[in-house]
Structure formats: structure tokens, C-alpha cells
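Residue numbers (the numbering used here): 63 to 161.
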DNA sequence: CACGTGACGTCTA
DNA sequence: TTAGACGCCACGT
């Protein structure tokens, strides 16, 4: 389990700027398919001042899975990198940014 | 041990 | 396109 978490961090750290990835993809790349839910769990524990681009992670529908404050923080971060997002939290041209 | 709970995913109607 | 039903799995109660 410790390894799973470490892998997630690493993969995220090496994710190219301007690109996005999904929970499922991360879990799979970390070598643990079927653990998509745990990816979210790990990310939720990240300190808010972390350097990792947690905001480049969305669900398979290309939609932000957060709500309230968190939702806004992620939306802002992404827009800052030139990515368009609807008020519903859906990413415009999602596939285009997919890693 | 049973059950509810997630920053989820895939299939179907 | 959308909504529901399942599937999945570590964890706290």
C-alpha cells in the first residue's frame, strides 16, 4: 500500500505540464488496476501546500470530481494552465489534454 | 465479522 | 447524453 502511494506521487510528479490524467489511469500506471478509488483517497491526504500537480487529475468523464472550495481551487489551477472548463466542471476538449 | 464509505470506472437501457 | 446498477478495494465502526 505504501508502494502504491509512492508510485502515484512519482507518476504525478513526472506528468507533463498542460496534460491531464485520470484516477483510473494513474492507478493502472502505478501497477494497481481496480484501485482508482484509492487514488482519490491518497490525493485527498496531500497537504494543501504540496508541489504535486494533483489538480491535473480528473475522472474518466473528463470532469472534476471535487466540490465546493476544492472544486474552485482545481478549476483555477487548470485555467491558469490554459485549460477551459465549464461551470459544471467539465473540461473542454478533454481528450486533447489526455496524457 | 458485517456494513457503510469514498476526489472512481464500465456497461446498459 | 444521462442516470442507475454493479464492480472494486482499503478502512473505520
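Beta carbons are placed, not taken as given, at the ideal position from N, Cα and C, and that holds for glycine.
Output the distance between the C-alpha atoms of residue 161 and residue 110, rounded to the nearest integer angstrom. As a position in the first chain, residue 161 is number 99, starting the count at 1. As a position in the first chain, residue 110 is number 48, starting the count at 1. The straight-line gap from Cα to Cα measures roughly 24 Å.
Relative to the C-alpha of residue 107, which candidate in 76, 151, 77, 132 has its C-alpha closest? Locating residue 107 in the first chain gives position 45, counting from the first residue. Between residue 107 and the set 76, 151, 77, 132, the nearest pair of CA atoms involves 132.
For residue 120, does the three-state DSSP call read helix, strand or coil? Here residue 120 refers to the residue found at position 58 of the first chain. The answer is strand: DSSP assigns residue 120 an E or B state.
Looking only at its chain, what residues have a beta carbon closer than 8 Å to the beta carbon of residue 153, apart from the 5 residues adjacent to it on each side? Here residue 153 refers to the residue found at position 91 of the first chain. Closer than 8 Å at the Cβ level, and outside the excluded window around residue 153, lie 82, 120, 124, 125, 126, 140, 145, 146, 147, 159.
Compare the beta carbon distance of residue 122 and residue 72 with 8 Å and say whether it is the shorter of the two. Counted from its first residue, the first chain places residue 122 at position 60. Counted from its first residue, the first chain places residue 72 at position 10. Taking 8 Å as the Cβ cut-off, residue 122 and residue 72 do not qualify as a contacting pair.
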